[in-house]
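This report refers to the structure that appears directly beneath it.
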Amino acid sequence: MEHESIKLLESYGVPVAEAELASGVDEAVVLARKIGYPVVLKVVSPDISHKSDVGGVKIGVDSDDSVRSAFSEIISNASKRAPGSRIVGVLVQKMAPSGGVEVIIGGLRDRAFGSVVMFGLGGVFVEVLRDVSFRVAPISEEEAYEMLGELKGSIVLNGYRGIPSVDKLSLVKIILKVAEILDENPEIDSLDLNPVMSYTSGALVVDARIVLRSVG
Amino acid sequence: MNGLRGLEALFNPSSVAIIGATPIEGKIGRVLVENFTKRYRGETYLVNPKYGEILGLKCYKSVKELPEPPKLAVIAIPAPSVPQVLMECGETGVKAAIIISGGFSETGTDEGIRLEREVREIVEKYEIRVVGPNCLGVFDNYSGVDTFFLPEERMKRPPKGGISFISQSGAFASALLDYMAYNNLGIARAISYGNKVDVDDVDLMKFLKDDPVTKVIVLYIEGFKESRGRAFMEVAREVVKKKPVIVYKAGKTPRGSRAVISHTAALAGDYSIYSAAFRQVGIIEAGTFDEITDFAKIFLTQPLMKGNRVFIVTDAGGIGVMLTDALVKEGFEVPLTPEDLREELRKVLPRHCIPDNPIDLTGDADDERYRDVLEIVAFKPYVDALVIGALPHIPGMTMKIAYYISSIVERAGKPVAIIDIGSEVALKFKVEFERRGMPVYESPERVARALRALYAYSKYLKKYERGVSNDP
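Taken in sequence, the protein lines are chains A and B. Residue 141 in our numbering sits at position 141 of the first sequence; the count goes up by one each step and never skips. Quick note, our numbering runs 1000 ahead of the 1-based positions in the second sequence.
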């Protein structure tokens, strides 16, 4: 689940938007204060994989009161729209700064080739245009840079019309970390860091999903 | 899957046993006998308990009766008898076999799967190298080994040459060989490995890497077995340093069998991973059937490209414009002719010719006009490759043009590709250009893509030579 995915990524030094799991509303307020406003609240359940579809995500939460109302709204939405789901808690996460470029970084285990990493532009680029690039791991830093340059929409990363280039090295480092995670954790079948916010300086993983290999 | 051991015997054995030889016309065993008696120079033994003699040659009851253990056994008998015969081969000391017979795992039946398992066990027990089952086997243009059981009047054999071809599909292998024969493209060795119970792409690539007659490797691949993709990449990395490898990957559309819980998995059709893997190790992917031979031709004959600047010399303005579009679309630069070159060209060209790039020699050009211009252009350091529009419809062009172009570009050490469109006359010129080692294409787009393949390989080798640096 997301909070576990985040912990794993953090242990590998992948920059992730700070997040803690709250099991009750009071704990959520405490965590939100500790993390600092504004925050995002997300439902955490092994039975819900598309959190926004069930009204399980609230963004731009900026006060104790709004944490309380967002928390109860999420719980009630989830039980209404995904009845019977086991709800582990609500993730309280630092809201990523605006002004970044959304990208997706992923990895999977292929039967013939082993670990494979993926890079793509987020949002409409990945959903509609499938503008992604792949490499069989392990790869060098240079090859990871090539993955960025190979996209049809790579101009978005290079900067255009006065918008500066994103910090490519920070993305390259995350791609290399994904390869390392796959290599060292054979139980992982695939992982998605989606979205990753890419800024002129630095990058931040906002959401992560790790799929374990089915037993047998 | 035991590396190189025993592979030489598959291609260049000093003796061969054809097990399942028959005098009956139209049978596989008959075509095999004819193939081997025609071209193969080693000792050929025929084996079939039903005959004492076939086409005037002595026929033995079993492989055990042969005067010597053959270096290679070609097995073309019904599947249920194959394990027994293969075991006899093993006991006799045969180290390599090609099992042509079908009726194994490809049928999906329990019996087929069982028979294939038995074959695999015998392979391991006796350490025999096996190609097949369910394959066409090996065509070796140098030793004369030819287990492609298609009669010569149906499938022409290509001339000797530098292309070696590995195919997961037998039918595609025979079609391509026939096509290459028709287009006068030279083949060194061709292998159809069928169910790959033992020898597969990885082993064959290792063998062809050090094969002196193989200059270019072409592969037709549908898919790799468990973890063989990674093994293939490792060997391909080494092969590509020595010779270009062209691959045609069939089965490009998403298979959809992968669990699609994660985004990454959903986006990764099999093909995108294969394609990435090929690019990573410097293999050039042919996207279409035409590109297989289009690319092979340019790799066989042309030196590497040092940069991406292409100059066009043409007798037809329209073709020049089409070429410019096609080349730019493939990522090439078609730079304007610099002033100093323009001055030099004006001295040798009539006033109505256009010294821009494309350099238009116009419809009254003759062989010498091509010669004079190329003598200047080909040696300029900013010219990385030349594309020659040589439409033979103008009266001034003779076969001598092929001699002029080839001798100049060879001295200059620059790659060249020719575009030549038309009917019988064009074909005659094509034959002459290709005889002199220059690849000819029938459309601007095909020239451009072939050149792109050459440039991609050149760039990969350069990158490899300078080593993987960490600079962005």
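Glycine included, every Cβ here is placed at the ideal spot set by N, Cα and C.
Neighbour-count burial assignment, residue i, 16 or more Cβ in a 10 Å radius
i               : result
E1291 (chain B) : buried
Q228 (chain A)  : A question about residue 228 (chain A) goes unanswered here, because the residues of chain A that appear run from 1 up to 216.
P1067 (chain B) : exposed
R161 (chain A)  : exposed
D53 (chain A)   : exposed
A1250 (chain B) : exposed
K1252 (chain B) : exposed
K1463 (chain B) : exposed
G1020 (chain B) : buried
F1289 (chain B) : exposed
A1259 (chain B) : Reliability of the predicted coordinates at A1259 (chain B) is poor, the pLDDT of 42 falling under 50, and no value is obtained from them.
K51 (chain A)   : buried
K1064 (chain B) : exposed
V1440 (chain B) : buried
G60 (chain A)   : exposed
N1183 (chain B) : exposed
G1256 (chain B) : Bear in mind that a pLDDT of 43 at G1256 (chain B), under 50, signals an unreliable position, so the number given afterwards is only what the model happens to contain. Per the 10 Å Cβ criterion, exposed.
P1151 (chain B) : exposed
Same chain, Cβ closer than 6 Å to residue i, five either side skipped, listed in chain order
i               : result
A1326 (chain B) : P1444, E1445 and A1448
E20 (chain A)   : L31 and V92
V1416 (chain B) : L1386, V1409 and M1438
E1234 (chain B) : none
G1029 (chain B) : G1020, A1021, T1022 and A1076
S1014 (chain B) : G1042 and K1071
I1261 (chain B) : Residue confidence for I1261 (chain B) is low, a pLDDT of 49 falling below 50, so the modelled location carries little weight and cannot support an answer.
Minimum Cβ-Cβ distance from residue i to chain D less than 8 Å
i               : result
G1229 (chain B) : Here the protein chains are A and B, and chain D is not one of them.
Contacting residues, own chain, Cβ-Cβ under 8 Å from residue i (five flanking each side not counted)
i               : result
I1421 (chain B) : I1319, L1391, E1442 and S1443
V1373 (chain B) : V1313, L1345, V1348, L1349, I1359 and L1361
L1341 (chain B) : P1355, I1376, V1377 and K1380
T200 (chain A)  : P164, S165, V166 and D167
L1204 (chain B) : L1007, I1166, I1191 and Y1193
T1109 (chain B) : none
First through last residue of the beta strand (DSSP E) which encompasses residue i
i               : result
R209 (chain A)  : A208 to L212
D1140 (chain B) : G1137 to D1140
M118 (chain A)  : G114 to L121
E1043 (chain B) : E1043 to V1047
A82 (chain A)   : Element bounds for A82 (chain A): n/a, residue is neither H nor E.
N1035 (chain B) : Run containing N1035 (chain B): none in the beta strand (DSSP E); it sits in the alpha helix (DSSP H), I1028 to R1039.
K1160 (chain B) : K1160 to S1167
Contacts around residue i, its chain only, beta-carbon distance under 7 Å, and the 5 residues preceding and following it disregarded
i               : result
L1336 (chain B) : D1356 and N1357
E143 (chain A)  : R135
S5 (chain A)    : A208, R209 and I210
A1412 (chain B) : A1378 and F1379
V1334 (chain B) : V1310, I1312, T1324, L1327, V1328 and N1357
Run of the alpha helix (DSSP H) containing residue i, from where it starts to where it stops
i               : result
T1398 (chain B) : That residue, T1398 (chain B), is in no alpha helix (DSSP H); it is neither H nor E in DSSP.
G149 (chain A)  : E141 to G149
F1207 (chain B) : D1201 to K1209
G106 (chain A)  : Per DSSP, G106 (chain A) belongs to no alpha helix (DSSP H); it is in the beta strand (DSSP E), V101 to D110.
K1196 (chain B) : Unbroken run through K1196 (chain B): none, as it is neither H nor E.
N158 (chain A)  : I155 to N158
R1117 (chain B) : D1110 to Y1126
G1307 (chain B) : Premise fails: G1307 (chain B) is in no alpha helix (DSSP H) and is neither H nor E.
D189 (chain A)  : Element bounds for D189 (chain A): not the alpha helix (DSSP H) but the beta strand (DSSP E), I188 to S198.
L1066 (chain B) : Neither: L1066 (chain B) is in no alpha helix (DSSP H) and is coded neither H nor E.
Should the region 1025-1040 of chain B be regarded as contacting the region 1140-1160 of chain B, the criterion being three or more beta carbon pairs within less than 8 Å? At 8 Å Cβ cutoff, the stretches touch.
For the region 58-74 of chain A against the region 169-181 of chain A, are there 3 or more C-beta pairs whose distance is under 8 Å? Because the criterion of three Cβ pairs below 8 Å is not met, the region 58-74 of chain A and the region 169-181 of chain A do not touch.
Taking one C-beta from the region 1290-1305 of chain B and one from the region 1447-1464 of chain B each time, how about it: are there three or more such pairs within less than 8 Å? Taking 8 Å as the limit for Cβ pairs, the verdict is that the region 1447-1464 of chain B does touch the region 1290-1305 of chain B.
Hey, is the region 1120-1131 of chain B in contact with the region 1096-1108 of chain B, meaning 3+ C-beta pairs nearer than 8 Å? Yes: the two stretches touch, three or more of their Cβ pairs being nearer than 8 Å.
The region 47-58 of chain A: positions lying closer than 9 Å to chain B by Cβ: Answer in chain order: S49.
Using a beta-carbon distance cut-off of less than 9 Å, what residues from the region 1194-1226 of chain B approach chain A? Listed by position along the chain: G1223, F1224, K1225 and E1226.
Contact residues within the region 1273-1296 of chain B, judged by C-beta distance below 7 Å to chain A: Answer in chain order: I1273, A1276, A1277 and Q1280.
Stretch-stretch touch, CB-based, cutoff 8 Å, three pairs: the region 1419-1438 of chain B with the region 1158-1173 of chain B: No, the region 1419-1438 of chain B does not touch the region 1158-1173 of chain B.
Flag this pair as touching only if the region 1380-1389 of chain B and the region 1346-1353 of chain B have three or more C-beta atom pairs under 8 Å; answer yes or no. These segments do not touch.
What residues in the region 1399-1431 of chain B bring their beta carbon closer than 8 Å to a beta carbon of chain A? Residues of the region 1399-1431 of chain B that bring their beta carbon within less than 8 Å of a beta carbon in chain A are absent altogether.
Anything in the region 199-210 of chain A with a Cβ closer than 8 Å to a Cβ of chain B? List those residues in chain order, please. Listed in sequence order: R209.
Chain B contacts from the region 134-148 of chain A (Cβ-Cβ distance under 8 Å): So the close ones are F134, R135, V136, I139, S140, E141, E142, E143 and Y145.
Relative to chain B, which residues along the region 100-121 of chain A have a C-beta separation below 8 Å, given in chain order? Answer set for the region 100-121 of chain A: I104, G106, G107, L108, D110, R111, A112, F113, G114, V116, M118 and G120.
Could you tell me whether the region 1046-1064 of chain B touches the region 1098-1112 of chain B, where touching means 3 or more Cβ pairs closer than 8 Å? Under the Cβ criterion (8 Å, minimum of three pairs), the region 1046-1064 of chain B does not count as touching the region 1098-1112 of chain B.
Check whether the region 110-128 of chain A and the region 147-159 of chain A touch, using three or more Cβ-Cβ pairs below 8 Å as the test. Touching, yes, given that three or more Cβ pairs across the two stretches are closer than 8 Å.
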